[in-house]
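Down below is the structure, laid out as structure tokens.
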């Protein structure tokens, strides 16, 4: 059995680009930049292997992207909203959400719009995300309570550091970790 890297890439033509993009979109929800990057990689690999000139096909990529946007098959705003909601539900801070969307190639205006829309769904977004993060990582009040003395103080510092690395402000991390929120068993 050959490894995937050992296989000969199929020759990509300008007519294949939209089909390749549609196959990719069928598997992944993603942004315009990621689809363009994927098409560029496929074109360059095919052209290198087959000795073709990649420039004509690379010039066709923006047209394919615009066609998918016009058909409403590729929508950065919808993707950003969905991804921001998902990351916030997992306990991601606003900073983390914004950074992740930037990695996906979502422009700053769309990122800000997606983060602003989170306030409607989650209220104080960072507080809800911080509580979710603390629950998921079992930090602060969500930890087993048998720790005492100097070990407890050291653990509190580690918990604050974990919250800071996750992108939460010091004040918010302290507020969540020192609260006496009752732990509700999840069904």
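In this note's numbering, the protein residues as written are 943 to 1129. Heads up, the beta-carbon is just placed ideally off N, CA and C, and yes, glycines get one too.
When the Cα atoms are used, what is the spatial distance from residue i to residue j?
i, j, result
"residue 1105", "residue 1076", "8 Å"
"residue 968", "residue 979", "16 Å"
"residue 1108", "residue 1023", "20 Å"
"residue 1126", "residue 1110", "Residue placement at residue 1126 cannot be trusted, given a pLDDT of 45 that sits under 50; the coordinates are not used to answer."
"residue 1012", "residue 1070", "36 Å"
"residue 1047", "residue 1037", "15 Å"
"residue 997", "residue 971", "27 Å"
"residue 981", "residue 1006", "10 Å"
"residue 1168", "residue 1062", "Lying before the first or after the last residue shown, residue 1168 is absent from the chain, which here runs from 943 to 1129."
"residue 1074", "residue 993", "52 Å"
Is the beta carbon of residue i less than 9 Å from the beta carbon of residue j?
i, j, result
"residue 1114", "residue 1068", "yes"
"residue 1030", "residue 1039", "yes"
"residue 1102", "residue 1116", "yes"
"residue 955", "residue 999", "yes"
"residue 1092", "residue 1056", "no"
"residue 1058", "residue 1033", "no"
"residue 1050", "residue 1041", "no"
"residue 1002", "residue 959", "yes"
"residue 1097", "residue 1079", "no"
State the CB to CB distance for the pair residue i and residue j, rounded to an integer number of angstroms; the pair is presumed to be in contact (CB under 8 Å).
i, j, result
"residue 988", "residue 1021", "Residue 988 to residue 1021, Cβ: 27 Å. No contact."
"residue 1145", "residue 984", "The structure shown does not extend to residue 1145, since the chain is modelled only from 943 through 1129, so no value can be given for it."
Please go through the same chain and pick out, in chain order, the residues whose beta-carbon is closer than 7 Å to the beta-carbon of residue i, but skip the five residues on each side of it.
i, result
"residue 950", "991"
Could you pull out every residue in the same chain whose Cβ sits closer than 8 Å to the Cβ of residue i, ignoring the five residues on either side in sequence?
i, result
"residue 1017", "1011"
"residue 1064", "1030, 1070 and 1071"
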